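Q: Positions 1 to 409 (UniProt numbering) are the ones given, in order, by the sequence shown.
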Amino acid sequence: MKTPFFNNQQCNVVITLLSFQNDANDLLDFEHKKFEKRTLVIRKAQQDGILFLVKTQGLYNLIAKDDLEKYLIENPSSLVCLKLSWANEKCTVSSPFEDGRDGPKCSNIISDQLWRRIYGRLNGCHAVPMTLKEGDRIQLGRVGLVVRYLAQRKLNSLSHLQNLITEDSLTINDSELEPESTHVIDTQQVESLQENDPKVCRICLCDDDSSGPLVVPCKCKGSMRYVHLECIRTWIKGRLKMFDCDGTPSMSFFLHKLECELCGEQYPSYIDIDNKETDFMGLDQPDPPFAVLQLDNSSDAGCFIISLNKKPSLIGRGHDCDVRLADISVSRLHAMLYFSRGHFVIEDKRSKFGTLVENAGNFTFTLEYGIPISIKIDSDLICIAAKPPFFSFLPCCLEAPRRRARFII
Numbered sequence: 001m002k003t004p005f006f007n008n009q010q011c012n013v014v015i016t017l018l019s020f021q022n023d024a025n026d027l028l029d030f031e032h033k034k035f036e037k038r039t040l041v042i043r044k045a046q047q048d049g050i051l052f053l054v055k056t057q058g059l060y061n062l063i064a065k066d067d068l069e070k071y072l073i074e075n076p077s078s079l080v081c082l083k084l085s086w087a088n089e090k091c092t093v094s095s096p097f098e099d100g101r102d103g104p105k106c107s108n109i110i111s112d113q114l115w116r117r118i119y120g121r122l123n124g125c126h127a128v129p130m131t132l133k134e135g136d137r138i139q140l141g142r143v144g145l146v147v148r149y150l151a152q153r154k155l156n157s158l159s160h161l162q163n164l165i166t167e168d169s170l171t172i173n174d175s176e177l178e179p180e181s182t183h184v185i186d187t188q189q190v191e192s193l194q195e196n197d198p199k200v201c202r203i204c205l206c207d208d209d210s211s212g213p214l215v216v217p218c219k220c221k222g223s224m225r226y227v228h229l230e231c232i233r234t235w236i237k238g239r240l241k242m243f244d245c246d247g248t249p250s251m252s253f254f255l256h257k258l259e260c261e262l263c264g265e266q267y268p269s270y271i272d273i274d275n276k277e278t279d280f281m282g283l284d285q286p287d288p289p290f291a292v293l294q295l296d297n298s299s300d301a302g303c304f305i306i307s308l309n310k311k312p313s314l315i316g317r318g319h320d321c322d323v324r325l326a327d328i329s330v331s332r333l334h335a336m337l338y339f340s341r342g343h344f345v346i347e348d349k350r351s352k353f354g355t356l357v358e359n360a361g362n363f364t365f366t367l368e369y370g371i372p373i374s375i376k377i378d379s380d381l382i383c384i385a386a387k388p389p390f391f392s393f394l395p396c397c398l399e400a401p402r403r404r405a406r407f408i409i
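#1: Distance, Cα to Cα, K311 vs Y338?
#2: Could you compute how far the alpha carbon of Q194 sits from the alpha carbon of D209?
#3: What residue from D380, C204, P388 and I408 has the CA that sits closest to V54's CA?
#4: Considering only the beta carbon of each residue, do G212 and L240 sit closer than 7 Å?
#5: Can you tell me where the alpha helix (DSSP H) holding Y119 begins and where it ends?
#6: Would L314 and D327 be called neighbours here (beta carbons separated by less than 7 Å)?
#7: Which parts of the UniProt domain "RING-CH-type" (193-270) are runs of the alpha helix (DSSP H), unbroken and 4 residues or longer, counting only runs that do not cross its ends?
#8: So does the region 352-360 actually touch the region 138-145, counting three or more Cβ pairs closer than 8 Å?
#9: So, using beta-carbon positions, are E265 and C218 closer together than 7 Å?
#10: Considering Cα atoms alone, identify which of K154, L150, C383 and K237 is closest to V293.
#11: Which one of F254, A335, S331 and P286 has the shortest CA to CA distance from F304?
#12: In the DSSP output, which residue or residues are listed as bridge partners for F52?
#13: Just verifying my parser: in three-state terms, what is the DSSP assignment at E69?
#14: Looking only at C-alpha atoms, which of G238, F407, I273 and P249 sits nearest to E368?
#15: Considering only the alpha carbon of each residue, which of I42, I203, N88 and D378 lies closest to P388?
#16: Around the C-beta of H319, are 16 or more other C-beta atoms found within 10 angstroms, so that it is buried, or is it exposed?
#17: For the beta strand (DSSP E) containing Y149, list its first residue and its last residue.
#18: In the structure shown, what three-state DSSP assignment does E347 receive?
#19: Do you know how far the Cα of T366 is from the Cα of K90?
#20: Let's test the definition: count the other Cβ atoms within 10 Å of the Cβ of L258 and tell me whether it reaches 16, buried, or not, exposed.
#21: With a cut-off of 8 Å on the beta carbons, I'd call F280 and L308 a contact; round off their distance for me.
#22: Under DSSP, the beta strand (DSSP E) around E277 begins and ends at which residues?
#23: Just tell me which of A87, W86 and P96 has its CA closest to the CA of E69.
#24: Pick helix, strand or coil for E74, following the three-state DSSP scheme.
#25: If V146 and D296 are in contact, beta carbons under 8 Å, what's the gap, nearest whole angstrom?
#26: Closest to R341 by C-alpha separation, out of M130, A301, D274 and L214, would be which residue?
#27: Is L40 helix, strand or coil by DSSP?
#28: Where does D29 sit, in a helix, a strand or coil, going by DSSP?
#29: Which value, in whole angstroms, describes the spacing of the CA atoms of A64 and T248?
#30: Can you tell which of E98, V128, Y119 and K105 has its C-alpha closest to the C-alpha of S111?
#31: Are the C-beta atoms of L79 and some chain C residue less than 7 Å apart?
#32: Going by the beta-carbon positions, is the gap between K37 and L59 smaller than 7 Å?
#33: Taking just the CA atoms, how far does N362 sit from R404?
#34: Alpha carbons only, please: which of W115, L333, G49 and G103 is nearest the one belonging to E31?
What follows is the structure in structure tokens.
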């Protein structure tokens, strides 16, 4: 059944503005912060059109497209925040400019506490999950996660992700995320084995080749320099905790920089054996779909490899979460990540500070009945909802159709 969009001639758009005073943590504490609330109602006429939401000296105004240039000349310090467009019986909320001009930093908010703050505690409304795309940044309390890769098909190898971790810059580059275009930055030639050197693996203490060739992956000297390729791969899988206690593959694991515990040298991603480039780590990738989330601005550089093939993945501070974030600002069960109808979706689980998603590049959302859109711009929260006039006495969240699960694309 086609998703019902509203008709221009019958729909009102309600914009609720919440302003608060920023503190050092910049966390959305709806229980203790004092918000100033203001509501704007747009009663749309029959013809199509475009309106811009503009902030001038702390106050928000709706400016028509034809009047925007003149308004900005008269008020040069104004900030153009959002664009609302009506066309083909649909209303869309999008980035203000599409010509490359920089707009304000916007983050979508997923929080039940936000809806209770706007519509009251007795209406039973819930935050609507959101889809993710590569390059988006997820904010959970004070912890940031960057969506580096969303896999719906199998990759050739996970070793190219090791190269991403070792980079100094966290700049998102689509070409880096495709294994076909990943260049080898850490290839290390195998040193030739001298006849007078002891050919003993430092892990299994054997000198045969049943566990693969003996390689020299680090700067250790003497009898500790050699290790079987399969032995070091088994050690790496144990170090990354890729398997549970019963031997089943883990729902998620944390891929971080791997170093030799003896000399401290970082292990390479690929190694040359007999002039042939070979995957050094030999990591078994999860069955798709799976997501790769990289910790942002953290001393623990690395990526979470999260499998969504069998069930959703839980994110939080609790010990039973698949992705554990050891920060007090993260709730014990903060969010849930799952795959539905061809989309990777994140859902807030009634966390204290909510879940924020900063979109990579321009964004466009289509308003639907019962699915309000909430956006954070600086210290302001903007909630936009579509309401028919004859249901104006009901909260927006009570008008949502209950026939199927919904999320914002």
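Virtual Cβ for every residue (Gly too), placed ideally from N, Cα, C.
Remember, predicted model here, so these are calculated numbers, not experimental data.
A: According to the structure shown:
#1: 7 Å
#2: Reliability fails at Q194, whose pLDDT of 46 lies under 50, so the model's placement of it is uncertain and no value is given.
#3: D380
#4: No; because the gap between Cβ atoms is not below 7 Å, this pair is not in contact.
#5: Where Y119 is concerned, the enclosing alpha helix (DSSP H) stretches over D112 to Y119.
#6: no
#7: 229-239
#8: A contact exists between the region 352-360 and the region 138-145.
#9: yes
#10: Going by the sequence as given, residue 293 is Leu instead of Val. Among K154, L150, C383 and K237, the Cα nearest to that of L293 belongs to L150.
#11: F254
#12: Per the DSSP secondary-structure output, F52 pairs in a beta bridge with I63 and K83.
#13: helix
#14: F407
#15: I42
#16: When all chains shown are included, H319 counts as exposed.
#17: V143 to A151
#18: strand
#19: Between the C-alpha atoms of K90 and T366 there is a straight-line separation of about 7 Å.
#20: buried
#21: Their Cβ separation, rounded to whole angstroms, is 27 Å, which puts F280 and L308 out of contact at 8 Å.
#22: Per DSSP, E277 belongs to the beta strand (DSSP E) from K276 to D279.
#23: P96
#24: The answer is helix: DSSP assigns E74 an H, G or I state.
#25: 5 Å
#26: M130
#27: strand
#28: coil
#29: C-alpha separation (whole angstroms): 59 Å.
#30: V128
#31: Among the chains in the structure shown there is no chain C, since it carries only a single protein chain.
#32: Not closer than 7 Å, so no.
#33: At R404, the pLDDT of 43 sits below 50, so the modelled position is not reliable; the number obtained from the coordinates is stated separately. R404 and N362: Cα-Cα distance of roughly 28 Å.
#34: Of the listed residues, the one whose Cα sits closest to E31 is W115.
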